[in-house]
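Notes follow once the structure below has been shown.
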Amino acid sequence: MEYVTPDLCDTYPELIEVVEPIFNNLGGRMSFGGQVVTIKCFEDNSLVKEEVEKDGKGKVMVVDAGGSFRCAMLGDMLAEKAMRNGWEGIIMYGCVRDIDIINELDLGVQALGTHPKKSEKRGVGEYQIPVSFGGVTFVPGDYVYADNNGIIASPEPLTMPE
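Going by full-length UniProt numbering, the residue at position 98 of the sequence shown is 98; the numbering climbs one at a time, nothing skipped.
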């Protein structure tokens with residue numbers, strides 16, 4: 001489904017929160033949305049690797065990577081697994097790499113930027129807890145929508161106006 005965040009903001013002003021404009025739209029899908037699944041990790045993408053193996057249909061992975069610019073938390077191999085397993089998109093409060101390949105995938109990806117170095121793999125992180133960045137708290141089970149205009153969050157699913 002295609003989402004237009006300005007139209008959602010106009011239609012549901014009482015429900016939405018707008019994330020500060022700090023993200024870049026980097027994936028092959030220009031817009032995406034779905035139910036929030038959260039991960040909190042810092043410079044260790046072990047939990048991201050585990051999560052992309054699961055069925056992601058109708059879901060968006062929201063990763064609080066601490067805003068790190070010292071390594072990438074998502075690369076082409078994990079992004080391809082996420083796409084194959086039906087994930088709608090990934091919002092990475094951190095960096096990604098292998099961007100030329102990620103740009104071609106049918107997967108929404110928003111991130112702070114790109115970085116060529118991979119992350120550590122120590123198995124450290126937290127799963128399905130509220131995470132906060134960009135002025136918004138993302139709660140597991142809530143909803144998130146993203147496009148070239150930005151990212152919005154809602155406690156309820158939103159439908160595009162006709």
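Positions of the beta carbon are idealized from the N, C-alpha and C atoms, including for glycine.
When Cβ pairs closer than 8 Å are counted between the two stretches, the segment 114-126 is seen to touch the segment 81-97, the count reaching three or more.
Cysteine 95: member of the beta strand (DSSP E) spanning 89-96, first to last residue. Counting along the chain, alanine 153 sits inside the beta strand (DSSP E) bounded by residues 150-154. When Gly150, Phe32 and Ser132 are compared, the shortest CA-CA separation from tyrosine 3 is found for Phe32. In the structure shown, isoleucine 22 falls within a coil segment according to DSSP collapsed to helix, strand and coil. Secondary-structure assignment with DSSP links tyrosine 127 through a beta bridge to Ile39. For a cut-off of 8 Å, the C-beta gap from valine 62 to valine 131 is around 6 Å, short enough to register as a contact. Secondary structure note for methionine 73: its beta strand (DSSP E) is the uninterrupted segment 72-74.
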